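Here is the structure we will look at, set down as structure tokens.
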């Protein structure tokens, strides 16, 4: 599956170097002082001299490298309220360099520096509030800190603030604001900001839709070796967005990103080898890339490996292994894996057959908006397989599936129209209209108790039939709705009877057929 990364994730805390240089704002130029003179200033308690001496001790500039001495000097400077030292001490605690790793101390020292208006400290403290490391997770506090740092021109903060606006995290979602801050960071040469500007142009999110402008910014970020931009350039060449279609170039960009461990690029390389686009078709190579992606925890890579084992492409066909890979991907919320895992349970491919488990995984995929899963779950509710039988829920699910373009959902919905009352259809339609993707699907309706009385709650794979209410008389009419050999016969008085019919082989069509039962 070829796609462009358009989702914008939250920033991640990244390790930093031991000690960084600072601007020379002191009356003395400590950076050019001799070691002897610098030591004299430090011993007299000058915090800038202490910090500069700590840098030399840490990096071995003019003195033997000594991490313990460096830590001692930077601690002295921080204790006197020197913001650069406070920031650096926070970094040391975060990364466990010379001291035990302690996120609370990392946050405390950054907080001290941030209160003095240090933009780097504000930005890095905001990241801790996003991740909840050393402080309670607080997106609003993070947004406020990013804003303070961004207004001082800190490129990292500008990019991260853009991400919060794009996602609507800690602030009201505003794609125009997001683009504004991404552009600020990009213009300072921030590679991630450049990639995000490209994505905004590519998607028309907060910026005019322009694939050519997107390419310009992707190239800037890719020139700095930013893997996300390399991947996005690959997709642009694959799909001909802003450039002519060139699958070979797409593969080259995927390879650059994959060399940095970009799992999306690894997956797309696998698909290139699987489909023979830009490279000779090679299922074994495809699976090598899927496996690399899966090893890094990519749900898409895990799913693709599952499909390979299911189909036997490049590996011996093995439904059990396929199911294992589907389980891994489904546990990460991959919708396609959830759907395929439901199929594996329903048909007993690689797993013990279980309608109940099929309903669990189809429900998860259906709640993510998968039309096929919605249709299949509807069949389970209609038949009472693994779930209590409920025609209203079945109709609702068929309605959702049909709206998503699923043809089986459309035909199954038509089959139920002759069985349900107008009030039940109205209830099902209301449930379908009010449901939103990403929210739980209903499990009960006003008709649930009626269905339970008529059919009970079947066990996995159980088939229940109730025939005692069949009307009598000389003029009996009925209508029926069948799924394979399982039929529901409906009489004018509302009585429903489950019957099974014998399959018949039609030699003309060379297919098995299931005749509708007679009244």
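Residue numbers (the working numbering): 591 to 1109. Using N, Cα and C, we set each Cβ at its ideal position, and we do this for glycine too. Owing to the predicted nature of the structure, the values given are computational and were not obtained by experimental measurement.
Spatial neighbours of residue 625 in its own chain (CB-CB distance under 6 Å, excluding positions within 5 residues in sequence) are listed in chain order as 652. Pairing residue 761 with residue 785, the inter-Cα distance amounts to about 22 Å. Taken through DSSP and simplified to helix, strand or coil, residue 1009 comes out as coil. Residue 902 holds the alpha-carbon nearest to the alpha-carbon of residue 864 among 889, 847 and 902.
When only Cα atoms are considered, residue 874 and residue 749 end up about 40 Å apart. Between residue 936 and residue 977, the alpha-carbon positions lie close to 13 Å from each other. Judged by DSSP in its simplified three-state form, residue 944 adopts coil rather than helix or strand. The stretch 677-697 and the stretch 657-666 touch, with three or more beta-carbon pairs separated by less than 8 Å.
With three or more CB-CB distances shorter than 8 Å, the stretch 729-740 counts as touching the stretch 707-721. Segment contact: the stretch 723-731 against the stretch 693-705, three or more CB-CB distances shorter than 8 Å; contact assigned. Of the other Cβ atoms in all chains shown, 16 or more fall within 10 Å of the Cβ of residue 667; this residue is therefore buried. Comparing C-alpha distances from residue 1031 to each of 1010, 847, 984 and 997 shows the shortest one belongs to 984. The stretch 836-852 and the stretch 796-807 do not touch, with fewer than three beta-carbon pairs separated by less than 8 Å. For residue 1031, no alpha helix (DSSP H) run applies, since DSSP gives it neither H nor E. Around residue 884, the same chain offers 891, 892 and 895 as residues with beta carbons nearer than 6 Å, after the five sequence neighbours per side are excluded. Between residue 980 and residue 1029 a beta carbon distance of about 19 Å is seen, past the 8 Å cut, so the two are scored as non-contacting.
Taking 8 Å as the cut-off, the Cβ atoms of residue 788 and residue 811 count as close. Along the length of the stretch 700-772, whole alpha helix (DSSP H) runs at least 4 residues long occupy 709-721, 729-740 and 745-757, reported in chain order.
With a beta-carbon spacing of about 7 Å, residue 987 and residue 956 fall inside the 8 Å limit used to define contacts. Restricting attention to 945, 916 and 886, the CA atom closest to the CA of residue 855 is found in 886. Taking the CA atoms as reference points, residue 1017 sits about 23 Å from residue 954. Per DSSP, reduced to three states, the secondary structure at residue 672 is coil, with no helix or strand assignment. Residue 1023 counts as exposed, since fewer than 16 other beta carbons sit within 10 angstroms of its beta carbon.
In this structure, DSSP gives residue 646 a helical state, which the three-state scheme calls helix.
Within the model, the alpha-carbon separation for residue 825 versus residue 656 is close to 48 Å.
Rounded to the nearest whole angstrom, the C-alpha separation of residue 905 and residue 960 is 28 Å. If you draw a straight line from the Cα of residue 1005 to the Cα of residue 999, it is about 10 Å long. In terms of Cβ geometry, residue 745 and residue 769 do not form a close pair [threshold 8 Å].
Following the DSSP letters along the chain, one finds residue 961 inside the alpha helix (DSSP H) bounded by residues 961-973. In the three-state DSSP reduction, residue 831 falls in the coil class, being neither helix nor strand. DSSP, reduced to helix, strand and coil, places residue 780 outside both helices and strands of the structure shown, so it counts as coil. Out of 640, 711 and 971, the CA that lies nearest to the CA of residue 747 is found in 711.
Assignment of residue 797 by DSSP, reduced to helix, strand and coil, places it in the coil class.
Distances from the alpha-carbon of residue 1021 to those of 992, 1007, 982 and 1010 put 982 closest.
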